[in-house]
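First the structure, in the form of structure tokens, and then the observations on it.
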Amino acid sequence: MMYRLVTLLALIMATLSGMPAKAQDGPLRIEITEGVIEPMPFAVPEFVAGGAGGQVAADISNLIAADLAGTGLFRAIPSNAFISRVTSFSSPIQFADWKAVNAQALVTGAVDVDSAGKLVVRFRVWDVFAGQELGSGQQLVGTTDGWRRIAHKIADQVYSRITGEGGYFDSRVVFVSETGPKDKRAKRLAIMDYDGANVTYLTDSASLVLAPRFSPTGDRILYTSYETGFPRIYVLDVQSVSRRVLETQDGAMSFAPRFGPNGRNVVYSLTKGGNTDIYSMDINSGVSQRLTSAPSIETAPSYSPDGSQIVFQSDRTGTSQLYVMGANGGEARRISNGEGLYGTPVWSPRGDLIAFTKQSKRRFHIGVMRTDGSEERLLTASFLDEGPTWSPNGRVIMFTRETQGATGQANLYSVDITGRNLRRVPTAGGASDPAWSPLQ
Amino acid sequence: MQTKFERGEPMSFLKTTLILCAGLALAACTDPGRFDGDNTVDLNGDNASGYGSGTASDPSSPAYFQQAVGDRVLFVIDTYTLTDIARNTLDGQARWLLANTDYQAVIEGHADEQGTREYNLALGARRANSVQEYLLSQGVPASRMRVVSYGKERPIEICSDESCYAQNRRAVTVISIGAGM
Amino acid sequence: MNTGNIISGIGHVALIGWALAGPLFRPTPKPFEVTQVTAVSEEEYAAIMNAQRPNDAPTQEVQQPEIQPTVQPDIAAPVVPDAPQESPALDSQADTAPQQQPAPETAQPAAPDATPVPVAPAPETQAQDTTPVLEPPAQDMAALIPQTSLRPKQRPVQRIAPEQVAPPEPDTAVDDVVRQEAAPAESADTPVEEQEATAPEEAATEIVTEAEEAAPVTPSPPTKSVRPKTRPTRTAAAPETQAAPSTPEPDADTGTASGIEDALAAALGGATSEPAQTSAPSGPPLTGGEKDALRLAVQSCWNTGSLSSDALKVTVTVAFDMAENAKPKTETIRLIDSAGGTSGAAQQAYEAARRAIIRCGARGFNLPVEKYASWKTVEMVFNPERMRIK
Chain A
1 MMYRLVTLLA LIMATLSGMP AKAQDGPLRI EITEGVIEPM PFAVPEFVAG GAGGQVAADI
61 SNLIAADLAG TGLFRAIPSN AFISRVTSFS SPIQFADWKA VNAQALVTGA VDVDSAGKLV
121 VRFRVWDVFA GQELGSGQQL VGTTDGWRRI AHKIADQVYS RITGEGGYFD SRVVFVSETG
181 PKDKRAKRLA IMDYDGANVT YLTDSASLVL APRFSPTGDR ILYTSYETGF PRIYVLDVQS
241 VSRRVLETQD GAMSFAPRFG PNGRNVVYSL TKGGNTDIYS MDINSGVSQR LTSAPSIETA
301 PSYSPDGSQI VFQSDRTGTS QLYVMGANGG EARRISNGEG LYGTPVWSPR GDLIAFTKQS
361 KRRFHIGVMR TDGSEERLLT ASFLDEGPTW SPNGRVIMFT RETQGATGQA NLYSVDITGR
421 NLRRVPTAGG ASDPAWSPLQ
Chain B
441 MQTKFERGEP MSFLKTTLIL CAGLALAACT DPGRFDGDNT VDLNGDNASG YGSGTASDPS
501 SPAYFQQAVG DRVLFVIDTY TLTDIARNTL DGQARWLLAN TDYQAVIEGH ADEQGTREYN
561 LALGARRANS VQEYLLSQGV PASRMRVVSY GKERPIEICS DESCYAQNRR AVTVISIGAG
621 M
Chain C
622 MNTGNIISGI GHVALIGWAL AGPLFRPTPK PFEVTQVTAV SEEEYAAIMN AQRPNDAPTQ
682 EVQQPEIQPT VQPDIAAPVV PDAPQESPAL DSQADTAPQQ QPAPETAQPA APDATPVPVA
742 PAPETQAQDT TPVLEPPAQD MAALIPQTSL RPKQRPVQRI APEQVAPPEP DTAVDDVVRQ
802 EAAPAESADT PVEEQEATAP EEAATEIVTE AEEAAPVTPS PPTKSVRPKT RPTRTAAAPE
862 TQAAPSTPEP DADTGTASGI EDALAAALGG ATSEPAQTSA PSGPPLTGGE KDALRLAVQS
922 CWNTGSLSSD ALKVTVTVAF DMAENAKPKT ETIRLIDSAG GTSGAAQQAY EAARRAIIRC
982 GARGFNLPVE KYASWKTVEM VFNPERMRIK
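The structure is reproduced here in structure tokens:
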């Protein structure tokens, strides 16, 4: 109290004394509280190719640039603006030349093919204006077929050295590939790189499939299939493409499965007598546990990353809202509070946010909120957006967007959790229900 | 209007269709061109395989069940309670099923595209269950019925207007010969 | 782990051993990390798959997924790259060419015919070191309520800045600092560096998500203030407050005595608790306006857009020395304090702050040289609290 009084007095005196007559000593102190948010300009000059590395060196450099620019956090400076060329991986960087084109980050590298025919790629990341290397050089070795993965891995490194969070480029997305008109739509499971490359189909289109989900290690996929004419949950091994049905309850529909963080527990919906509730199952033992028992619809469950809680949607109050309960069921607390209907909640891998689908005034939104329901932010708006999935680093959300009308088609989109950088994920035909793998 | 669904009265295909439409759909027949020059209405695309035999003029045929009795009931948005019209249709279905005991029924629940995939699956299941419960109450044994929900995955009308949505919010009773379910 | 990787691992270990025991006199290369990214070729994979494909596997149209290569980060030891590699030295020349502008494409001097129409300088180029302020229409000035909201409709743009910036003229280069196009001087004795007119990149003050953008336009009167929320108040940094004690956030725990001392010292004319150490020519202290100019200059280069949410929780205090030409001495930039996050996050936050100082200081800040003693050493606190979600 005394201190406050003295301070106050001092401040008053200071005010009364007006402009100080003497120059201040010591450092000038400035507080910066406002900045800009804009993509950071960077340059990836073509990696230096040794021997047979020619075309692939260009491909790798371009893909690294595309990965980074695709985040919306970075902006690639076109190579025709470059002043200096990097002709040797080990020669000193001409920082002045890169400053002149306002490249704030620079990625240099070299591509060689070793005697065993393997691709050897080295790279370094530079802070141009500070004239310093960010992190240390790294070397990646792989087959020439795997050049995209090498490029994605380098881009992940660059991303994380600049932003301070993990990347998401060396990851895959499992989704439902869609063909045919709306009333005769054929669906099949497919998997691809996060950027739409390397599409591979995992099922044929004979039976309807829905909502695939990766295991925490990316080795297995849960999905719902009407293979028997009846919706049931299957577990598919990604490597062998073999699948088995998850034995839930005879004669009861099961759907909306998701792995827990231990890769062993699965939480899902089961419908009996028209009533849908949430169950969990230890998929090793096959023992399941009922987690909710209300006459309302309880579905779309998702574990928290520590496995201790489950967020789900329920219409127990008459409209669909989001609730959180313990991993073994019990009392659930409602977290959604806004107007409209909420569904398909997904806990972020960082644990701090929940992404969801919201329906309001005949439009659909993808949004995020804190795990207590506060700070709700809607990121998108369209005729039909649904089914968010998180990038491995919790920074980007991918979802399904379906267009209106008789010719309506579903596509995959991604958006940064700030709501910026909305973009379509390229797929050959229609696509829905994406699920992002962990970083590989 | 409901009296037109008298049992055993033979009807021409087109007439039946129009009456069904008038009786059930209300908003759905606002497009008069829908049936122009086409008297084979595919009422439920993927599930026509159950109707292998018979014609609409044979009261014990699946075609008769589909067209004269009416194989579907419609629901108000985001509900699963049966309307009076629906109950009337289901009375007819129950009578037919009790008279034709060789047939099994799969009751499919559907939803319109407004709503998330998971919720619509659950909603379709509720609708199918409402139909099953009603048929049970009318004496159809549980062993002859099975329910399945397609959510919003199998619309029959593809526009994004209420006229189509009203047709898609439905429960369809699909019959087939045999006990294998 | 497959045999190949094991062999590869052994090979690398051998290589490391050779490298360590080998030519020690070589310049030490920078640390280098090696990661194995293995992939099986399609033929190999097909062979594996044919051997183990279950009978009930999907039909022919199912293509097999490419095997996902396993990454073996286990060989992460430093390795001497095969080429005798000199570590790229820090480029000491980098700062000797700070004058370098985005080079004029054509070095044409005043060729009167070549410049058909003299481009009139944009009106806002008067302000040399502040971004132009877009004056929003004042709500209470509107005589009629228009059909749409008066709130300046923000379009989703790539750049979020404290002040909204209208799209620049089509032919101005984007730069952080507004510069007037340098017209060739009449007296051509001293060659004047020709500069392209630059203007700050178009910016909005807040992120406009699709959800907000698409909100139906209601004909009702605007309910929100027309004033962009984040417009900084020019008078915020009054001289008195700038002369505050030099500890960033006076913490109650740091001792009340020094707090009182500081407060009193500040009251008694700006003498801080630090002993006077310079005999540099001391002029009058910087005015609030001059400090603001410095603050705004750095602000326009402080890009938090590429920071993780963790890094956005860290407040860093960065100190640096300035040369008399008001250019920061890059090598003196140092992190002196951080609060609110892990050391990793603080590093990225510091790097972003450092970039801001170097980039916007490259041409020299607009500071009065007669007051050099006042700004010879600068401490800047970068507080991202307001930048987290915009």
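Chains as they are written, first to last, in our numbering: chain A, 1 to 440; chain B, 441 to 621; chain C, 622 to 1011. All residues carry an ideal CB built from backbone N, CA and C; glycine is no exception.
Under 7 angstroms, Cβ to Cβ, is there at least one residue of chain C near residue i?
i	result
F129/A	yes
A23/A	Annotation note: pLDDT 44 at A23/A (below 50); position unreliable, coordinate value reported separately. Yes, A23/A lies at the interface with chain C (some Cβ there is under 7 angstroms from its Cβ).
G340/A	no
R185/A	no
R334/A	no
Whose Cβ in chain A lies nearer than 7 angstroms to the Cβ of residue i?
i	result
S927/C	M40, L73, F74, I162, T163
A565/B	M253, T271, G274, T276
P595/B	K182, D183
V569/B	Inspection of the sequence shows that residue 569/B is occupied by Asn rather than by Val. Those within 7 angstroms of N569/B in chain A are G273, G274.
If you draw a straight line from the C-alpha of residue i to the C-alpha of residue j, how long is it?
i	j	result
A69/A	V121/A	21 angstroms
P39/A	L73/A	4 angstroms
A545/B	S225/A	21 angstroms
P392/A	L106/A	25 angstroms
L353/A	N275/A	29 angstroms
I596/B	E558/B	19 angstroms
G35/A	I957/C	20 angstroms
Q321/A	E386/A	15 angstroms
I366/A	R377/A	9 angstroms
S360/A	R161/A	40 angstroms
In chain C, which residues lie less than 8 angstroms from residue i when you measure between Cβ atoms?
i	result
V36/A	R780, I781, A782, P783, A824, Q920, S921, C922, W923, N924, T925, G926
Measure from the C-beta of residue i to each C-beta in chain A and report whether the shortest distance is under 7 angstroms.
i	result
L915/C	yes
L575/B	no
E611/C	Summary: the structure shown does not reach residue 611/C, with chain C confined to residues 622 through 1011, and so no result is reported for it.
A731/C	Note that A731/C has pLDDT 34, beneath the 50 cutoff, so the model's placement of it is unreliable and the number below is only indicative. So, not an interface residue.
S603/B	no
A683/B	Any question about residue 683/B goes unanswered here, given that chain B covers just 441 to 621.
I979/C	yes
N608/B	no
Y491/B	Residue placement at Y491/B is poorly supported in this model, since its pLDDT is 46, which falls under 50; the coordinates still yield a value, given next. Taking Cβ atoms only, chain A never reaches closer than 7 angstroms to Y491/B, which makes this a no.
A551/B	no
Q816/C	The predicted model places Q816/C with a pLDDT of 47, which falls under 50 and marks its position as unreliable, so this point remains unresolved.
T736/C	Model confidence at T736/C stands at a pLDDT of 33, short of 50, so the residue's coordinates are unreliable and nothing is read from them.
N1004/C	yes
So does residue i have its beta carbon nearer than 6 angstroms to some heavy atom of the ligand NAP?
i	result
P78/A	Among the ligands in the structure shown, none appear at all, so the ligand NAP cannot be discussed.
Mind listing the chain A neighbours of residue i? Cutoff is C-beta to C-beta under 8 angstroms, in chain order.
i	result
E991/C	Going along chain A, no residue has its Cβ under 8 angstroms from E991/C, so there is no contact; the nearest lies around 10 angstroms.
K912/C	L28, I30
Against chain B, does residue i count as a neighbour if the rule is that its beta carbon must be under 7 angstroms from one of theirs?
i	result
G256/A	According to the sequence displayed, residue 256/A carries Ala and not Gly. It does: the Cβ of A256/A has a partner Cβ on chain B nearer than 7 angstroms.
F230/A	yes
T449/A	Residue 449/A lies beyond the residue range present for chain A, which begins at 1 and ends at 440; the question has no answer from this structure.
P426/A	no
Which chain B residues are close to residue i, counting only those with a beta carbon under 8 angstroms from its beta carbon?
i	result
A300/A	T556, E558, Y559
If the cut is a Cβ gap below 9 angstroms, which residues of chain A does residue i touch?
i	result
V588/B	Y226, G229, F230, P231, M253
Under 9 angstroms Cβ-Cβ, which residues of chain B neighbour residue i?
i	result
Q313/A	T556, E558, Y559
Identify the contact partners of residue i in chain C, using a Cβ-Cβ distance below 7 angstroms as the criterion.
i	result
Q104/A	R976
For a contact meaning CB atoms closer than 7 angstroms, what does residue i contact in chain B?
i	result
Q320/A	Gln is not the amino acid found at residue 320/A; the sequence shown has Ser there. Here the neighbours are Y559.
A66/A	Those within 7 angstroms of A66/A in chain B number zero; the least Cβ separation is about 31 angstroms.
Using a Cβ-Cβ cut-off of less than 8 angstroms, list which residues of the stretch 377-405 of chain A approach chain B; keep chain order.
-> F383, L384, E386, G387, E402, Q404, G405
Examine the Cβ distances between the stretch 551-559 of chain B and the stretch 574-588 of chain B and report whether three or more of them are shorter than 8 angstroms.
-> no
Would you be able to state if there are at least three C-beta pairs under 8 angstroms between the stretch 601-608 of chain B and the stretch 322-340 of chain A?
-> no
Touch check for the stretch 251-271 of chain A and the stretch 301-310 of chain A: three-plus C-beta pairs under 8 angstroms?
-> The stretch 251-271 of chain A vs the stretch 301-310 of chain A: in contact.
Segment contact flag, the stretch 32-48 of chain A with the stretch 133-142 of chain A, C-beta cutoff 8 angstroms, min 3 pairs | no
Do the stretch 171-189 of chain A and the stretch 205-223 of chain A make contact, defined as three or more Cβ pairs closer than 8 angstroms?
-> yes
Flag this pair as touching only if the stretch 608-617 of chain B and the stretch 509-518 of chain B have three or more C-beta atom pairs under 8 angstroms; answer yes or no.
-> yes
On the three-pair Cβ rule with 8 angstroms, is the stretch 964-979 of chain C touching the stretch 916-927 of chain C?
-> yes
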